[in-house]
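Residue numbers (the numbering used here): 13 to 515.
Glycine included, each C-beta is placed from N, C-alpha and C at the ideal position.
Worksheet for the structure shown next.
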Amino acid sequence: MEELQLIPYTPLENKRFEQAVRLIIKKSDFYDLNYKSGTTTYTISNCDFIDLDIENTEEIDFPDISLHFVGCYIRSIEIATITSKNISVFFNSSLIGGRIRSNNIRWFSSNNCIVLTNLFLLNLLSVDISYTEENIFPIRWRSLFRRNSIRQLNNVLRWKQTYFVCDCLKISFSFNLKEKKGGCYRQVHEKLPEYKIGYYLSNEQKKLLDVNLDIKYGLTKEDSETQIENAILSSLSLSGNPKGKISVETAQIRSWYLRDFVPKGEVSFYSIIPSPHGKVPSKIEFHKSNLDNVWFDSTNFASYELVSFYRTKFAKTTFTSCNFPNNSISFERFTSLKNVHYPEKKRESYYKDQYEIYLQLKLALEATGNFFEAQKLFAISNDALRKVGDVPCWDKVILWINRKSNNHGLSIKRPLFLFFAFSILLYVFYLFSLNRIFNFKQSIDFTLFGYYFSFVDVTHRNDFLVEKNEFNSWSLFLDYFNKVVESFFIYQFIAAFRKYGKK
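Quick look at the structure:
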């Protein structure tokens with residue numbers, strides 16, 4: 013392995029290393045060296061590394077030691093042995109992959125870099141990953157792409173990039189790649205051999221980015237903090253037992269996974285929607301998690317194609333200003349799957365699990381005073397209960413009748429319509445049984461229209477229209493049957509009308 017000798021405050025530029033390289037940060041390099049505030053200690057620009065290993069085995073008495081890689085290609089980087097606690101590592105506009113693991117590194121930062129498949133960040137004190145509009149200069153990538161025989165920029169943007177972040181104390185992940193309107197911005201051209209590279213990525217090129225973020229929490233301290241802001245992610249995965257604050261704000265996330273996620277501190281998700289691009293369906297998976305300390309605010313669950321809750325506790329989760337599906341068909345996307353990647357594999361207790369999901373959501377929404385969405389979940393849960401196999405047949409009949417009559421207390425239009433539909437039909441049969449209509453020997457009696465209102469009065473006398481001696485068995489049956497039916501629809505109407513008065 014070749015040893016790379018660097019001199020502090022002396023840049024290394026335009027070098028290509030065909031074999032593995034080890035960079036050792038030595039105490040002897042800083043003897044009698046004056047510290048230059050605001051100046052990078054080691055600047056490495058436009059260099060290519062096959063394998064790069066950075067080591068530091070001794071404590072260095074120096075205010076700050078920084079390594080800054082600009083426009084570099086590093087197929088595999090390994091930083092594990094770091095002793096001095098004043099070392100920071102920065103990457104800008106580079107292609108990188110590998111593993112960085114040390115709880116002595118003061119700060120890790122990556123800005124507008126493209127990951128070569130995977131980048132592992134383990135046990136770091138501070139991680140800052142950003143994609144910023146003002147610092148995207150594809151013109152800087154020109155020599156980098158040329159050196160590595162990259163001919164199509166869009167092919168690079170399509171690479172699946174995954175950041176694996178584990179047990180890091182401070183995590184910051186942010187985008188500010190905004191949509192640009194009009195023709196005032198020079199954009200990056202697709203054909204790199206011509207090197208007509210402008211200053212900004214186009215809106216279409218930004219949508220090609222396939223960035224994935226996987227964060228695991230284990231031994232993090234009480235003051236740990238995670239901030240994800242304005243991110244455009246193909247996937248976000250959170251797992252473990254974080255003790256500090258986690259905030260995900262104004263993000264577009266195609267696939268979103270909380271697995272074995274049991275936070276002890278405050279967790280908030282604000283304004284989350286699925287990203288508009290991606291080859292896989294948008295999905296959310298809550299798997300064996302406890303979300304009691306989680307707050308979802310303005311999250312658009314209705315826009316996701318699949319939402320799975322598997323053995324997850326969330327009855328005490330806070331939901332505010334969230335969008336949920338509007339009907340039972342749309343709510344079928346809320347499932348309980350052991351593995352969200354195989355939605356066709358359902359357990360025997362699938363509908364019972366689904367029923368429990370809706371009840372937990374209902375309790376969570378009621379706790380925040382959102383009775384509108386809570387009642388919707390109550391209706392949907394009853395529909396799911398009707399599909400459970402061991403529910404008694406008569407209970408299923410009751411649930412079916414309530415579903416049809418007033419949608420489990422949500423619809424006042426349905427019982428009102430059914431009231432008039434059944435009463436008019438039964439009134440026609442009642443008159444026919446008394447030979448008062450469809451009798452061509454008699455002229456039309458227009459007073460029968462007025463007697464309709466007496467007929468629908470459930471307290472009316474039997475002889476409101478004819479004398480008792482004119483009754484027959486059919487007329488008596490229809491009269492009493494009408495009172496039962498109309499009383500039922502009146503009750504269903506009142507129950508639905510009072511849906512906001514229920515507690």
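Run of the beta strand (DSSP E) containing residue 90, from where it starts to where it stops: 85-94
Straight-line gap, residue 132 to residue 125 (C-alpha atoms, nearest Å): 14 Å
Backbone CA spacing between residue 287 and residue 226 [nearest angstrom]: 17 Å
Within 7 Å, strictly: CB atoms of residue 267 and residue 295: yes
Three-state secondary structure (DSSP) of residue 405: In the three-state DSSP reduction, residue 405 falls in the helix class (H, G or I).
Contact check, residue 110 vs residue 89, beta carbons under 7 Å: Cβ atoms of residue 110 and residue 89: closer than 7 Å.
Rounded distance between the beta-carbons of residue 464 and residue 439, thought under 8 Å: Residue 439 to residue 464, Cβ: 6 Å. Contact.
Touch test, the stretch 345-356 against the stretch 315-332, Cβ-Cβ under 8 Å, three pairs minimum: yes
Distance CB(residue 375)-CB(residue 385) smaller than 7 Å: no
N- and C-terminal bounds of the alpha helix (DSSP H) containing residue 262: No alpha helix (DSSP H) holds residue 262; the beta strand (DSSP E) holding it covers 257-273.
Beta-carbon proximity of residue 498 to residue 468, cut-off 7 Å: yes
For residue 184 and residue 139, believed in contact at Cβ under 8 Å, the rounded distance: The beta-carbon separation of residue 139 and residue 184, rounded to 7 Å, stays under the 8 Å limit for a contact.
Every unbroken beta strand (DSSP E) inside the stretch 357-416 [3 residues or more]: none
Meets three-Cβ-pair contact criterion under 8 Å: the stretch 357-369 and the stretch 408-416: no
Beta carbon of residue 256 nearer than 7 Å to that of residue 236: A contact, by the Cβ cut-off of 7 Å.
Nearest neighbour of residue 238, chosen from 426, 259, 220, 229 [CA to CA]: 259
Proximal residues to residue 168 (C-beta, below 7 Å), its chain only, five neighbours per side dropped: The residues 126, 162, in chain order, have a CB closer than 7 Å to that of residue 168 in the same chain once the five nearest residues on each side in sequence are set aside.
Alpha carbon of residue 196 to alpha carbon of residue 334, nearest angstrom: Here the model assigns residue 196 a pLDDT of 37, short of 50, so the residue's position is not dependable and the matter cannot be decided.
Simplified DSSP assignment, three categories, for residue 12: There is simply no residue 12 to check, as the chain begins at 13 and stops at 515 in what is shown.
Residue 459 in three-state terms, based on DSSP: Correct three-state label for residue 459: helix.
CA nearest to the CA of residue 426, picked from 509, 121, 86: 509
Chain-order list of residues whose beta-carbon lies under 7 Å from that of residue 193 (same chain, five-residue window excluded): Low local confidence applies: a pLDDT of 48 at residue 193 is under 50, so the model's placement there is unreliable, with the coordinate-based value given in what follows. Closer than 7 Å at the Cβ level, and outside the excluded window around residue 193, lies no residue.
Proximity below 7 Å, CB of residue 86 to CB of residue 108: In this structure, the beta-carbon distance from residue 86 to residue 108 falls below 7 Å.
Simplified DSSP state of residue 172, which is helix, strand or coil: Correct three-state label for residue 172: strand.
Length of the line joining the Cα atoms of residue 285 and residue 229: Looking at the two C-alpha atoms, the distance is approximately 24 Å.
Proximity below 7 Å, CB of residue 308 to CB of residue 281: Yes. Within cutoff.
For residue 119: DSSP bridge partner residues: 100
Whole-angstrom C-beta distance between residue 104 and residue 176, which should lie under 8 Å: Wrong, their Cβ atoms sit about 21 Å apart, outside the cutoff.
Spatial distance of residue 14 from residue 74 (CA atoms): 26 Å
Same chain, Cβ closer than 7 Å to residue 446, neighbours up to 5 away in sequence not counted: 478, 482, 487
Per-residue burial, residue 503 [other beta carbons within 10 Å of its own, 16 or more giving buried]: exposed
Closest by C-alpha distance to residue 62, when choosing among 391, 313, 159, 434: 159
Environment of residue 462 [buried if 16+ CB atoms lie within 10 Å]: exposed
DSSP state of residue 418 mapped onto helix, strand, coil: helix
Residue 391 vs residue 437 beta-carbon contact at 7 Å: no
Beta carbon of residue 324 nearer than 7 Å to that of residue 306: Result no, Cβ atoms of residue 324 and residue 306 do not sit closer than 7 Å.
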